[in-house]
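One structure is given below, encoded as structure tokens.
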Amino acid sequence: MNQAQALLQAHFDTFVAHPEKWKSLISDDIVWELPYAPGLGHPTRLSGRDEVLGHVGWFIAAVQDFRFYDLQIDAFADHSKAVAQVKAEGIIKTTGRIYRQDYVLFVEAENGKLRFIREYFDPIQAAHALDEEIKLPTR
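69 is the number that this note's numbering gives to position 37 of the sequence shown; each next residue is one higher, with no gaps.
Written out as structure tokens, the structure reads:
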């Protein structure tokens with residue numbers, strides 16, 4: 033298992049269950065891209081530890097009994113990169129609705145930390161669980 037794969041595995045193992053340990057996995061200059069998040073009114077890109085921790089804190093506070101399952105992690109030829117496919121579910125606290133999601137994450141590791149994450153998810157699933165409307169891009 034390469035460094036990126038190991039960090040990605042640790043990400044899923046600690047993200048909800050051990051958030052303080054998870055914080056040790058990310059670099060201070062981490063970039064987390066969320067290409068479909070604007071559909072929920074969230075930013076496309078989080079830059080730096082503070083922005084990432086703010087967004088993660090919001091998510092963890094919004095969902096209870098969140099868990100990942102059916103995790104598959106694959107390496108790239110470049111050992112600093114890996115990709116994961118994973119399913120997840122939890123309950124949105126404000127609505128009581130079940131949130132089910134399929135995620136794909138691409139990561140890059142540097143100096144033993146996650147330096148870059150690009151996360152793909154279905155914003156329609158999230159909007160339904162949150163009881164929010166999808167925000168269409170303005171042109």
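Glycine included, each C-beta is placed from N, C-alpha and C at the ideal position.
Looking at the unbroken alpha helix (DSSP H) that takes in residue i, where does it start and where does it end?
i	result
D110	Unbroken run through D110: none, as it is neither H nor E.
T46	Q35 to T46
Would DSSP call residue i helix, strand or coil?
i	result
L137	strand
L146	strand
I123	strand
I166	coil
Do residue j and residue i have their beta-carbon atoms positioned less than 8 Å apart in this structure?
i	j	result
T46	L57	yes
S112	E83	no
Y131	E142	no
A158	Q133	yes
E164	L66	no
F44	V136	no
D61	R150	no
L85	K55	yes
R37	A109	With the sequence shown as reference, residue 37 is identified as Gln, and Arg is not the correct amino acid for it. In this structure, A109 does not lie closer than 8 Å to Q37 by Cβ.
Y101	F153	no
Below 8 Å on the Cβ atoms is my contact criterion, and I expect residue i with residue j to pass it. Report the Cβ-Cβ distance as a whole number of Å.
i	j	result
R77	V63	7 Å
A94	K125	6 Å
K167	P70	6 Å
P51	I92	6 Å
Next item on the list: Report the residue ranges of all alpha helix (DSSP H) runs contained in full by the region 49-104; include only those spanning at least 4 residues, in chain order.
Entry: 51-55 and 81-94
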